[in-house]
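Visitor: Numbering (our numbering), first residue to last: 10 to 692. The beta-carbon is built from N, C-alpha and C at its ideal position, and this holds for glycine as well. Just so you know, these numbers come straight off a predicted model, no measurement behind them. Right, I'll just put the structure down here and ask away after.
Here it is, written out as structure tokens:
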């Protein structure tokens with residue numbers, strides 16, 4: 010029972026008094042009682058929100074006895090009804106829904122655990138707790154029994170005498186939490202959020218932590234559309250089922266338009282109006298009862314509206330779809346696209362995909378096992394859920410203007426999707442809108458938002474739509490920042506050349522080899538800072554590469570005006586390293602590549618994506634001839650390049666290039682280094 014508090018436990022206890030609970034205590038009760046986790050946590054929050062072991066122990070006994078006395082297990086229905094008759098009333102914990110009975114002009118409540126559908130309930134109670142009429146909520150109910158009414162014909166002896174909602178209704182809870190958040194660093198607060206949903210951050214990789222935070226975005230961002238597909242057993246639906254009373258899980262099977270949106274016969278609003286988040290579990294099995302179901306859903310995902318006859322209804326419920334991959338990601342990418350497991354009517358529909366704001370990479374989240382669960386303190390689930398719900402009324406998009414500039418590849422819908430994801434992630438990290446968002450956290454949110462939207466765009470491109478061809482998402486921090494490109498990790502491998510531009514100062518180069526060594530691919534990486542000179546970071550760099558660097562440096566100084574304009578390269582220090590991707594190791598004749606990487610770093614401009622540069626240079630600035638240009642072009646194609654840049658002296662020998670290779674790769678010729686630089690820079 011004794012648990013040594015760690016630094017975060019102590020800080021959290023001080024920052025959120027009365028709102029924290031030890032998460033391993035919740036697991037004690039899991040499965041014992043027929044109620045979701047947040048109901049158990051509500052009770053624990055009331056009786057065991059303390060760091061004192063004795064108080065916790067007493068609280069646990071109270072929770073155990075209350076849950077034992079008040080939850081109705083299967084087969085105990087008649088026992089509880091009999092107690093109500095004998096004692097006049099009985100207290101139970103159940104989900105309460107109500108409806109208007111037009112025949113008697115009165116409200117009737119339903120208590121499913123007692124299988125009662127005609128319980129009298131006072132009008133005032135229904136008006137105070139309107140959610141009874143829209144899907145219901147868990148509550149502690151005092152159920153009365155009136156024997157005299159039981160003897161009347163068609164009498165309804167059971168009555169809801171009073172009820173207490175099992176969820177927070179404190180008006181200022183968000184302010185209290187925002188105050189406590191200010192006492193923690195961003196790292197501590199992130200860890201605390203993960204502990205609050207029951208996970209121990211130390212057991213999760215940074216990618217898995219990001220995935221878990223993305224799962225929370227639909228709770229804090231209105232009309233947010235997310236898809237998560239991945240292996241079985243990673244807890245995809247847990248958050249939507251157990252943590253918040255504001256989320257509703259639709260299990261696989263038929264989804265009716267009436268239940269989702271609006272019931273045309275009685276005007277009853279559907280799930281997207283009643284809940285903050287509607288999650289479709291096992292999405293591959295979902296189908297609508299009406300032909301136009303998917304179209305209504307598409308319209309709603311686009312605008313947050315749907316029509317009922319002539320009336321247009323607005324709702325704010327976020328749509329989340331989760332499902333399983335039966336094969337690994339790389340294989341799925343080879344045989345089709347990552348929306349493969351979706352239902353047939355959604356799988357190939359690029360217009361439907363365009364409405365998805367975030368494709369969460371479920372394969373980055375580990376399978377649930379006991380080591381992932383935390384035994385530390387986290388926020389009581391219903392407090393967390395209430396804060397999430399209140400955050401929906403705010404936005405953080407106003408943080409972006411002036412600080413982040415997006416590249417030209419983003420369409421209006423892409424920009425909207427990225428804005429919503431950034432806003433959601435920043436609300437999670439900064440629940441107080443007046444708190445200053447650091448550049449580091451803003452860039453983290455922007456990169457993640459671009460990645461999860463780009464994943465959608467890449468699948469649209471695979472399906473073959475020309476309009477989605479440009480997927481090279483990029484951003485700049487500030488006006489004078491360097492343009493940075495964001496890829497989706499599953500598309501990129503370290504040793505092949507992607508279609509995305511590398512960061513400024515990085516260049517792919519092929520060494521045509523020499524008598525001692527074969528042909529090979531290299532990556533040259535340069536960073537610049539104030540100072541002077543060029544340093545090679547490789548331990549004992551090979552002599553031919555050292556020579557290439559020395560000559561490139563001299564060319565940079567002597568032809569600075571032609572290459573970099575009014576920038577003075579002598580006022581900068583350059584750190585350079587070369588990475589080899591083949592058996593070739595000495596990097597001979599890579600001088601043009603080195604020179605262009607130095608210029609790219611100094612200008613802060615990346616080169617075109619998919620580009621390889623070939624050529625050596627001498628002190629006078631002349632470009633060395635290449636003895637095996639056909640081999641070079643064939644290797645460039647094999648490595649995944651779309652363009653190879655070569656000295657113009659290679660033009661004649663390349664007439665013998667096979668038609669197949671010539672049609673798959675573009676060869677650009679350059680006359681000298683400034684010409685090569687102009688042609689290589691990203692537009």
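Would residue 100 and residue 151 be called neighbours here (beta carbons separated by less than 8 angstroms)?
Guide: yes
Visitor: Looking only at DSSP bridge pairs, what is residue 542 linked to?
Guide: 582
Visitor: Could you have a look at residue 147 and say whether DSSP puts it in helix, strand or coil?
Guide: In the structure shown, residue 147 falls within a strand segment according to DSSP collapsed to helix, strand and coil.
Visitor: If I follow the unbroken beta strand (DSSP E) through residue 284, where does it start and stop?
Guide: Looking at the DSSP string, residue 284 is not in any beta strand (DSSP E), and its letter there is neither H nor E.
Visitor: Our contact map puts residue 32 next to residue 173 with C-beta atoms below 8 angstroms; I'd like the distance itself, whole angstroms only.
Guide: Actually they are not in contact, since the Cβ atoms of residue 32 and residue 173 sit about 24 angstroms apart, beyond 8 angstroms.
Visitor: Suppose contacts are defined by Cβ-Cβ distances below 8 angstroms. Is residue 561 in contact with residue 603 by that definition?
Guide: yes
Visitor: Pull up the DSSP beta-bridge partners for residue 168, would you.
Guide: Bridge partners of residue 168: 129 and 153.
Visitor: For the segment 359–387, which segments carrying the beta strand (DSSP E) assignment without a break, of at least 3 residues, lie completely within its bounds, in sequence order?
Guide: 367–370
Visitor: Which of the three DSSP states is assigned to residue 48 in this structure?
Guide: helix
Visitor: Given a cut-off of 8 angstroms, decide if residue 601 and residue 622 are closer than it, judged by their beta-carbon atoms.
Guide: yes
Visitor: With H, G and I counted as helix, E and B as strand and the rest as coil, what does DSSP make of residue 412?
Guide: coil
Visitor: Mapping the DSSP letters down to three states, classify residue 337 as helix, strand or coil.
Guide: coil
Visitor: Using 10 angstroms around the beta-carbon of residue 513, count the other beta-carbons present and answer buried if the total reaches 16, otherwise exposed.
Guide: buried
Visitor: Please report the distance separating the alpha-carbon of residue 185 from that of residue 159.
Guide: 48 angstroms
Visitor: What separation, rounded to the nearest whole angstrom, lies between the Cα atoms of residue 403 and residue 654?
Guide: 50 angstroms
Visitor: Excluding sequence positions up to five away, which residues of its chain have a Cβ less than 6 angstroms from the Cβ of residue 140?
Guide: 146
Visitor: Can you list, in chain order, the residues of its chain whose CB lies under 6 angstroms from that of residue 625, leaving out five sequence neighbours each side?
Guide: 598, 600 and 633
Visitor: Contact defined as beta carbons within less than 8 angstroms: I believe residue 554 pairs with residue 587. What is the distance between those atoms, to the nearest angstrom?
Guide: 6 angstroms
Visitor: Measuring straight from C-alpha to C-alpha, what distance separates residue 696 and residue 416?
Guide: Shown here, the chain extends from 10 to 692; a query on residue 696 therefore has no answer.
Visitor: So, with DSSP's three-state summary, where would you put residue 513?
Guide: coil
Visitor: Can you check the segment 173–229 for any alpha helix (DSSP H) of at least 4 residues that lies completely inside it and give the ranges in chain order?
Guide: Runs of the alpha helix (DSSP H) inside the segment 173–229: 182–190, 195–205 and 215–229.
Visitor: Among the candidates 589, 594 and 83, whose CA atom is the shortest distance from the CA of residue 526?
Guide: For the residues 589, 594 and 83, the minimum Cα distance to residue 526 belongs to 594.
Visitor: Per DSSP, which residues does residue 116 bridge with? Please list them.
Guide: 109
Visitor: List the endpoints of the continuous beta strand (DSSP E) containing residue 653.
Guide: 652–656
Visitor: So, for residue 221: in the same chain, excluding its five sequence neighbours on each side, which residues have a beta-carbon less than 8 angstroms away from its beta-carbon?
Guide: Cβ neighbours of residue 221 beyond the five flanking positions: 203, 206, 208, 213 and 374.
Visitor: Work out the CA separation of residue 325 and residue 19 for me, nearest whole Å.
Guide: 37 angstroms
Visitor: Between which two residues does the alpha helix (DSSP H) holding residue 399 run?
Guide: 390–400
Visitor: Any contact between the segment 424–435 and the segment 453–468? By contact I mean 3 or more CB pairs, one from each, below 8 angstroms.
Guide: The segment 424–435, when compared against the segment 453–468, does touch it at the 8 angstroms Cβ threshold.
Visitor: Determine which residues share a DSSP beta bridge with residue 536 and list them.
Guide: DSSP lists 584 as the beta-bridge partner residues of residue 536.
Visitor: Buried or exposed, going by whether 16 or more other CB atoms sit within 10 Å of the CB of residue 85?
Guide: exposed
Visitor: With distance defined between alpha-carbon atoms, name the residue in 425, 383, 318 and 394 nearest to residue 363.
Guide: The option with the nearest alpha carbon to residue 363 is 425.
Visitor: In whole angstroms, what is the alpha-carbon distance linking residue 447 and residue 492?
Guide: Each residue's alpha carbon lies about 19 angstroms from the other.
Visitor: What are the boundary residues of the alpha helix (DSSP H) that includes residue 600?
Guide: 600–612
Visitor: Hey, could you find the ends of the alpha helix (DSSP H) residue 566 is sitting in?
Guide: 552–567
Visitor: Skipping 5 residues on each side, what residues in its chain have a beta carbon closer than 8 angstroms to that of residue 496?
Guide: 460, 463, 507 and 509
Visitor: Which value, in whole angstroms, describes the spacing of the CA atoms of residue 550 and residue 583?
Guide: 16 angstroms
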